[in-house]
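Protein chains: 2
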Amino acid sequence: MGLIFALAGGVGAARLLRGLVQVIPPEDLVIVGNTGDDFEVYGLHISPDLDIVMYTLAGIVDEAKGWGVSGDTFNCLDMLGKLGFETWFKLGDRDLAIHIVRTKILEEGMTLSQATAELCKMLGIKARLVPMSNDPVRTKIVSGKLRLEFQEYFVKRGTKDEVTDVLFEGAEKAKPAPGILEAIKEAERVVICPSNPILSIAPILSISMIRDQLRNTDAYVIGVSPIVGGKAIKGPADRIMTSMGLEASAYGVAKYYEDFLDHLVIDKADEHQKDRIKELGVKVTITDTRMKSLEDSIRLARVVMKAQ
Amino acid sequence: MGLIFALAGGVGAARLLRGLVQVIPPEDLVIVGNTGDDFEVYGLHISPDLDIVMYTLAGIVDEAKGWGVSGDTFNCLDMLGKLGFETWFKLGDRDLAIHIVRTKILEEGMTLSQATAELCKMLGIKARLVPMSNDPVRTKIVSGKLRLEFQEYFVKRGTKDEVTDVLFEGAEKAKPAPGILEAIKEAERVVICPSNPILSIAPILSISMIRDQLRNTDAYVIGVSPIVGGKAIKGPADRIMTSMGLEASAYGVAKYYEDFLDHLVIDKADEHQKDRIKELGVKVTITDTRMKSLEDSIRLARVVMKAQ
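Residue numbers (our numbering), protein chains in the order written: chain A, 1 to 308; chain B, 1001 to 1308.
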């Protein structure tokens, strides 16, 4: 078995990846994580999507929420609130250790790639997690006349605003983090995890060298649809696809990735979309795509690895 | 009542100061804090003595320990330990909020004076707390051939090493923080808190402009002996005084501050030393100097303010 390259957002991606590392040697897996959601708060560098993947692969994620560290407390945040700071981004005390270490490594002049590799090593993660870029790319949400920071839209305002446009600031200047282009080229299979196409995967694709490499790779590119029966399993993907003029469906996902996608795994609930997707030149596998237990994740990872 | 200027170390100082702010208008109190113990860990700037004073004056100190925040948890530290970091300096989760904010303010290019003023404001402290210098002065402990960082000696190794010398690195270049010299000049009374003379007050005095200003001020300079019956109330002051060739007694304290001290408040247990201290030209008040309750602190503060 050769190299497997995965594009990952947050919770949905992490659930598939925790299965994937049981199905293939984790050392053979290179994951590129979305850093469009990254932000600074209290002087700390937070990478929410990288963290979700790390915590999940390290087995310390809060299973109920899908993010944060299991059994965490929020006493530092409570104190920050008492000092007069905003506390809508829920940073747990254990969680904070990661942000403190990441910030320290960055302050020492190392890159986000290096900081992420260090943290993965400390957490005993054998898969290789790489941020999409060491240059800042920041996802901004446009809602009519409003222009929101990503976390402001996502956490503070709870995704209630209608999204009229999504911008990836810095993308045109950003270079892929070291190793990404080589990994896509060498990969046997590229996996597009079941993440929000517009908020989690598009930031990665906004770095044109990554999208171009995906178009040109010999690897078999297979995605898992995050849309089931017209609804996102978690989060606002369906609403955003609709308001951005896309079809909120497995077909809409296939269409969005059409330029590089070879195969899409869709849910049983979307079996009726099979023929439309095939017309795009994309093969289809139908299975149960919901991942509640680790067994679900392993089963779906096997499907993803076998589909051809 | 005019300005009162206090030189402060950690727990003993904080206990006197919590009484002092009940006895005089807190706005009239300027406290210079020892920053020789400051250090960096996990990229955060920690000022242990400033913190003890702040937490005590804000009414959030852990009363039993005398430092740290009451009811704090240690989950971030626990996680840092799991990531492979040393965790002998006990940073609580609520405590961390202060260090995170201080570090952020310093990173933004402000001084330690400004960061301390901001934190005091956030904590609702009306007395003015000032670090001894905005320049780094670092207390180093020499024990024979060993040369230890202060916190390494004090916390990690638990003061077990015999102290053969104490160095204040950076002192010769350090300038007093803004306002200190003016406050000593304008003060009606200067209070040397019952802190370790060699580890807590000497770092402040190591900035020669401060010591010179104390020698030249018209203010009445009154100290409270931290040594009672030949023993330090807390910490290693007695052992260090002895190994540094000083007498570990109220007399030894008076002798150490002889060049600027007008008056020393000593404990009843040390009444027999009264005459020897007077021979140094230092007046003496005898009282119960132990401060367990807030009432003890207020009573001792009244003695300090009235003695003449």
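C-beta: ideal position from N, C-alpha, C; glycine also.
Predicted model only: the values in this text are computed from it and were never measured.
* Can you check DSSP and say which residues form a bridge with TYR220 (chain A)? => A:ARG189
* Could I get the ranges of all uninterrupted alpha helix (DSSP H) runs contained in the stretch 35–93 of chain A, with 4 residues as the minimum, in chain order? => 48–57 and 75–82
* Asked: When DSSP builds the beta bridges, which residues end up paired with LYS1160 (chain B)?
  -> BP columns for LYS1160 (chain B) are empty, so no partner.
* Compare the C-beta of THR103 (chain A) against all C-beta atoms of chain B and say whether one is closer than 8 Å. => yes
* Asked: Within 8 Å (strictly less), CB to CB, does GLU1169 (chain B) reach chain A?
  -> Chain A, which has no Cβ nearer than 8 Å to the Cβ of GLU1169 (chain B), makes this no.
* Who are the near neighbours of SER1206 (chain B) in its chain, counting only those whose CB is closer than 6 Å to its CB and skipping five residues on each side? -> PHE1168 and ALA1171
* **Closest Cα partner of SER200 (chain A) within the set A:VAL30, A:ARG18 and A:PRO48** => A:PRO48
* Asked: With distances taken from CA atoms, which of A:MET244, A:ILE240, A:SER225 and A:CYS76 is nearest THR285 (chain A)?
  -> A:SER225
* Give every residue of the same chain whose Cβ lies closer than 8 Å to the Cβ of LYS255 (chain A), excluding the five residues on either side of it in the sequence, and list them in chain order. => LEU246, GLU247 and LEU280
* Report the residue from A:LEU29, A:VAL163 and A:VAL23 whose alpha carbon sits nearest the alpha carbon of ALA8 (chain A). => A:LEU29
* From ASP1296 (chain B) to LEU148 (chain A), what distance separates their C-alpha atoms? -> 55 Å
* Cβ-Cβ distance between PHE1085 (chain B) and TYR1042 (chain B) below 8 Å -> The answer is yes: Cβ separation under 8 Å.
* Asked: Between ALA177 (chain A) and SER113 (chain A), which are expected to be in contact by the criterion C-beta below 8 Å, what is the C-beta distance as a whole number of angstroms?
  -> Yes, they are in contact, since the Cβ atoms of ALA177 (chain A) and SER113 (chain A) sit about 5 Å apart, within 8 Å.
* Look at ARG276 (chain A) and TYR251 (chain A) and say whether their C-beta atoms are less than 8 Å apart. => yes
* Name the two residues that bound the continuous beta strand (DSSP E) containing GLU295 (chain A). => GLU295 (chain A) -> not in any beta strand (DSSP E); alpha helix (DSSP H) instead, spanning 294–306.
* Supposed close pair GLY1033 (chain B), VAL1130 (chain B) - CB separation, criterion 8 Å -> 7 Å
* Asked: Straight-line CA distance for GLY19 (chain A) to ILE240 (chain A)?
  -> 28 Å
* To do: Could you say if the stretch 1106–1121 of chain B and the stretch 1158–1168 of chain B meet the contact criterion of at least three C-beta pairs nearer than 8 Å?
  => With a cut-off of 8 Å, the stretch 1158–1168 of chain B and the stretch 1106–1121 of chain B do not count as touching, because too few Cβ pairs lie within range.
* What is the rounded straight-line gap between the Cα of ILE1184 (chain B) and the Cα of ARG1015 (chain B)? -> 22 Å
* To do: Classify ASP1267 (chain B) as helix, strand or coil using the three-state DSSP reduction.
  => strand
* Asked: Going along the stretch 1083–1101 of chain B in order, which residues come within less than 7 Å of chain A, judged by CB to CB distance?
  -> LEU1083, GLY1084, ASP1093, ARG1094, LEU1096, ALA1097, ILE1100 and VAL1101
* Are ALA1127 (chain B) and ILE1222 (chain B) closer than 8 Å when you measure CB to CB? -> no
* In terms of residues, what are the limits of the alpha helix (DSSP H) holding PRO1203 (chain B)? -> First-last of the alpha helix (DSSP H) with PRO1203 (chain B): 1202–1205.
* Asked: When DSSP labels each residue in this structure, what does VAL142 (chain A) get in the three-state scheme?
  -> strand
* May I ask you to report which of helix, strand or coil DSSP gives ALA1183 (chain B)? => ALA1183 (chain B) sits in a helix when the DSSP states are folded into three classes.
* Beta-carbon separation (whole angstroms), ASP270 (chain A) vs GLY229 (chain A), contact threshold 8 Å -> 7 Å
* Chain-ordered residues of the stretch 35–62 of chain A with a beta carbon less than 8 Å from chain B -> TYR42, GLY43 and LEU44
* Asked: Listing by chain order, which chain B residues have their CB less than 7 Å from the CB of CYS76 (chain A)?
  -> CYS1076, ASP1093, ARG1094, LEU1096 and ALA1097
* Within the same chain, show all residues whose beta-carbon is closer than 6 Å to that of PHE1039 (chain B), passing over the 5 residues directly before and after it, in chain order. => ILE1046 and GLN1151
* **Residues of its chain near THR87 (chain A), where Cβ-Cβ distance is below 7 Å and the 5 sequence neighbours each way are ignored** => LEU77, LEU80 and GLY81
* To do: Could you tell me the boundaries of the alpha helix (DSSP H) in which GLY1019 (chain B) lies?
  => Counting along the chain, the unbroken alpha helix (DSSP H) around GLY1019 (chain B) starts and ends at 1011–1023.
* Among B:SER1293, B:LEU1294, B:PHE1089 and B:ARG1302, nearest to THR1287 (chain B) - alpha-carbon criterion -> B:ARG1302
* Contact with chain A by THR1073 (chain B), beta-carbon distance below 8 Å -> yes
* Expressed to the nearest angstrom, what Euclidean distance is found between the alpha-carbon atoms of LEU91 (chain A) and ARG102 (chain A)? -> Distance between the alpha carbons of LEU91 (chain A) and ARG102 (chain A): 14 Å.
* Asked: Going along the chain, which residues of its own chain have a beta-carbon closer than 8 Å to the beta-carbon of VAL1166 (chain B), five neighbours each way excluded?
  -> The residues are THR1139, LYS1140, ILE1141, VAL1142, ILE1198, LEU1199, ALA1202, ILE1240 and MET1244.
* Whose C-beta lies closer than 6 Å to the C-beta of PRO1026 (chain B) among residues of the same chain, with five residues either side of it excluded? -> LYS1126 and ALA1127
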